[in-house]
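First up is the structure itself, then whatever we jot down about it.
Number of protein chains: 2
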Amino acid sequence: MKGLVHETEGWIRSVRSQKEVLFLHVNDGSSLESLQVVADSSFDSRELAFGSSVEVQGQLVKSPSKKQNVELKAEKIEVVGSCDAKAFPFKYKERHPLEYLRQYPHLRCRTNVLGSVLRVRSEATAAIHSFFKPSSKIKVPEKNFFNIPVFLTVSGQLHLEVMSGAFTQVFTFGPTFRAENSQSRRHLAEFYMVEAEISFLESLQDLMQVMESLFKTTAMTVLSNCPKDVELCHKFLAPGQKDRLEHMLKNNFLIISYTEAVEILKQASQNFTFTPEWGADLHTEHEKYLVKHCGDIPVFVINYPLVLKPFYMRDNEDGPQHTVAAVDLLVPGVGELFGGSLREERYHLLEQRLARLGLTEAYQWYLDLRRFGSVPHGGFGMGFERYLQCILGIDNIKDVIPFPRFTHSCLL
Amino acid sequence: MKGLVHETEGWIRSVRSQKEVLFLHVNDGSSLESLQVVADSSFDSRELAFGSSVEVQGQLVKSPSKKQNVELKAEKIEVVGSCDAKAFPFKYKERHPLEYLRQYPHLRCRTNVLGSVLRVRSEATAAIHSFFKPSSKIKVPEKNFFNIPVFLTVSGQLHLEVMSGAFTQVFTFGPTFRAENSQSRRHLAEFYMVEAEISFLESLQDLMQVMESLFKTTAMTVLSNCPKDVELCHKFLAPGQKDRLEHMLKNNFLIISYTEAVEILKQASQNFTFTPEWGADLHTEHEKYLVKHCGDIPVFVINYPLVLKPFYMRDNEDGPQHTVAAVDLLVPGVGELFGGSLREERYHLLEQRLARLGLTEAYQWYLDLRRFGSVPHGGFGMGFERYLQCILGIDNIKDVIPFPRFTHSCLL
């Protein structure tokens, strides 16, 4: 059978010599699978080393092996850039721990595992964009799920509120910076956040529906578009994660109130470092317990004490335990993944709260939004790296971002 | 004819009363067109004022007017948030200058013109993502135009080079910060940049093809997906821009060398503030002249003096006028829109240049990329706001970004 003339470029991932034949796996980063290149003994195997970049010309033929459909019978192999194997920090056929790879932010994307993680990151990014901006055109004004402009603008919910006051439904997706002095597995000084704001939205139920749908739609898209990359992570980094993810996707997320959450924690047999009490923040240990208690399904906690939350969250006007219409989504393994709320759209209530905080002058512009055609609205933010941790089961947040920046560390 | 029961939400853009009937235009931001709402005299027109937010229920019927296909016969109108007309900075039926609107960053997206600009911005953002990441799936390794992961990562060409060393073709699109002390119409302290990096790319010609294609594909998508918004900008803000844009899109972009550019400038009848000279930077006045000289078509200027450009650009090893393989794209009205180059992939040449600059230690990681399977590669960056200025004909960069930040100004 005559093959197709084909040219490929990439980096050598493995070299195997067998009788008179040399097998190379050449990877160009577009997928986990490498192309098998078959070369006869006329090629010098010393030059064709692990890590080198090559250009290969030859015939694309059906492979006799079951491992791949096609292989490339090499006619010409050019070593574009050789690889100094002794100095190269990754060794052929060795599986290096993620902590080790982290020391080489400029090279680690050449490994299978980081390649897979970053392809998943890419796919999830695209899926989130598609979720918010479907491609269909609207002719007659009608209720679409999210028929909105994309604003890759400065992160910040207050700014999104400005835009939602004209465009009804808006989102943003970009880097966010926090000077948190934390060395945890869940914090970065620079992380990516998806934020959405929806006008004419009046209940937390409607908001939670969008959050759950964003979580599930994105995960389904990633699973369907890069199954091999997800499989690699699940298999080698997080055994059991495949089942845990399926469990999350097929069940409805749960909803409990903050007050119920505190009751659950109080009745727990477990001893907490921080004693659960109405009016106090939920800590990581509490979040973990709640998720476990709810059967390892993501759980929305709603209606938090007013005193714990920022001024812009909508007053539930209840009592004596005074709450606001806030919502956090807690997920297995990661804890808090989303935070959101209805926003206070009533001028006088917002004015009173700002006055009490001495912020009236600084937020005059924000009050203005309630003077000129105010509408009920709400929104949320989702930490993108935590989302990737959650679906892939990756323990450390530093392994799901190309160049992690955190306290006292900015290698690149 | 019985209409469809329909509910709409939005902000009142106009109110017109005619005999016994009230005509409202209600806009929800999804397009320039508002929905015409027809209400009988039982509704109180004083409440239904310009700027107020409303929820309207009624029958969607064919409109007797030619101005719109359908209109909404109101059965119920609820004023969700009234608008304090006296204090509202925008007056009904008045066209406010862009400079005036700029004073109200929290409200200006409620105007037709900013609405249109920001919808175009959104559409261009989506088009750029689609350009780099087509949705088709790859089964057999083959030459795709840009089959690459999306990396919404920290802007920075050197980091993209790291990624291109594993994924072959990568791009990033996000905010970039410059502490430039400039009050010009073309500079912002925070702007958005599209950057791409392509491995196994060996000529500026190939790079320029991607740049030209990105420019044209994005513009065609925007023109096709939001014609009314583009039309509004062209009509009211930049008369003649429609023809100028068509002229740019239907012609091949020109290519001249830096050396040719300097010759053209030297032979110009015009007097420049900065005398054109080989080895000196091109200034705005020079860029403008060159574009005009080339018939108002975008023009690539290539092969700049080595001394003018950063260390990573590929040495052309020519002489005595020593150049590097750099390319800038100059466009009518805006000047420099893209900057790019081939990168120095040869270890020894890069090492020498870093040593001469005393940067060897700081850039050891960057040198490493040339030790372990180096490949020829190149890339470019495009200022997104300048691109929007260029296609819409908008004079001031502050009007194509939701919240402009520039020297001594960060209103929001």
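Chains as they are written, first to last, in my numbering: chain A, -16 to 395; chain B, -16 to 395. Backbone N, C-alpha and C fix where the C-beta goes; we use that ideal spot for every residue, glycine too.
CB contact below 7 Å: residue i versus chain A
i, result
"C209/B", "no"
"T136/B", "In this prediction, T136/B scores a pLDDT of 46, lower than 50, which makes its location untrustworthy; no coordinate-derived value is stated."
"A107/B", "no"
"C277/B", "no"
"R369/B", "no"
"S35/B", "yes"
"H142/B", "yes"
"D311/B", "no"
"M176/B", "no"
"H8/B", "no"
"H89/B", "yes"
"V193/B", "no"
"D67/B", "yes"
"M146/B", "yes"
"V21/B", "no"
"F294/B", "no"
Limits of the unbroken beta strand (DSSP E) element including residue i
i, result
"S0/A", "L(-13) to Q1"
"N10/A", "V4 to N10"
"M176/B", "E173 to S182"
"M296/B", "Careful: M296/B lies outside any beta strand (DSSP E) and carries neither H nor E."
"A308/B", "T306 to V314"
"Y287/A", "V282 to P288"
Short CB-CB distance (under 7 Å) between residue i and chain B
i, result
"C406/A", "Lying outside -16 to 395, the shown extent of chain A, residue 406/A is not represented and no answer is given."
"G376/A", "no"
"K381/A", "no"
"D189/A", "no"
"W(-6)/A", "yes"
"K116/A", "yes"
"A172/A", "no"
"T151/A", "yes"
"R161/A", "no"
"D27/A", "no"
"C92/A", "yes"
"R354/A", "yes"
"S357/A", "yes"
"F386/A", "yes"
"F183/A", "yes"
"D298/A", "no"
Any non-hydrogen atom of the ligand MG closer than 6 Å to residue i Cβ
i, result
"E61/B", "Absence of the ligand MG is noted for the structure shown, with no ligands found whatsoever."
Boundaries of the alpha helix (DSSP H) in which residue i is found, first to last residue
i, result
"L141/A", "Q140 to F150"
"F321/B", "It is not in any alpha helix (DSSP H) - F321/B instead sits in the beta strand (DSSP E) that spans G318 to L325."
"I374/A", "F367 to L375"
"K271/B", "T267 to H276"
"L332/A", "Y330 to L340"
For residue i, the three-state DSSP class (helix, strand or coil)
i, result
"A57/B", "strand"
"I380/B", "helix"
"F115/B", "helix"
"T258/B", "coil"
"D351/B", "helix"
"D23/B", "strand"
"K45/B", "strand"
"H360/A", "strand"
"Q250/A", "coil"
"E16/B", "coil"
"Q188/B", "helix"
Contact between the region 241 to 252 of chain A and the region 262 to 274 of chain A (3+ Cβ pairs under 8 Å): Counting C-beta pairs with one atom in each stretch, the region 241 to 252 of chain A and the region 262 to 274 of chain A have three or more that are closer than 8 Å, which means they touch.
At least three beta-carbon pairs within less than 8 Å, the region 56 to 65 of chain A to the region 343 to 359 of chain B: As far as the Cβ criterion goes, the region 56 to 65 of chain A touches the region 343 to 359 of chain B, which means the pair count is three or higher.
Alpha helix (DSSP H) segments (min. 4 residues) lying fully within the region 192 to 242 of chain A: Annotation note: the region 192 to 242 of chain A contains the following uninterrupted alpha helix (DSSP H) runs of length 4 or greater, listed N- to C-terminal: 210 to 219 and 224 to 233.
Within the region 57 to 113 of chain A, ranges of the alpha helix (DSSP H) (whole runs, at least 4 residues): Segments of the alpha helix (DSSP H) lying fully in the region 57 to 113 of chain A: 81 to 84.
The region 41 to 56 of chain B contacting the region 68 to 86 of chain B, beta-carbon criterion three pairs below 8 Å: The region 41 to 56 of chain B, when compared against the region 68 to 86 of chain B, does not touch it at the 8 Å Cβ threshold.
Inter-stretch contact (C-beta, 8 Å, three-pair minimum) for the region 291 to 304 of chain A and the region 314 to 330 of chain A: Cβ pair count under 8 Å is three or more, so yes.
Stretch-stretch touch, CB-based, cutoff 8 Å, three pairs: the region 372 to 392 of chain A with the region 171 to 189 of chain A: Yes, the region 372 to 392 of chain A is in contact with the region 171 to 189 of chain A.
Stretch pair the region 141 to 149 of chain A + the region 105 to 114 of chain A: three plus CB contacts closer than 8 Å: In the pairwise beta carbon analysis, the region 141 to 149 of chain A is classified as not touching the region 105 to 114 of chain A: fewer than three pairs are separated by under 8 Å.
Cβ pair count under 8 Å reaching 3, the region 68 to 75 of chain B against the region 174 to 191 of chain B: Contact between the region 68 to 75 of chain B and the region 174 to 191 of chain B is absent: fewer than 3 CB-CB pairs across the two stretches fall below 8 Å.
Cβ contact (3+ pairs, closer than 8 Å) linking the region 336 to 347 of chain B and the region 215 to 223 of chain B: No, the region 336 to 347 of chain B is not in contact with the region 215 to 223 of chain B.
Touching by the beta-carbon criterion (3+ pairs, under 8 Å), the region 11 to 19 of chain A and the region 206 to 217 of chain A: Counting Cβ pairs under 8 Å, three or more are found: they touch.
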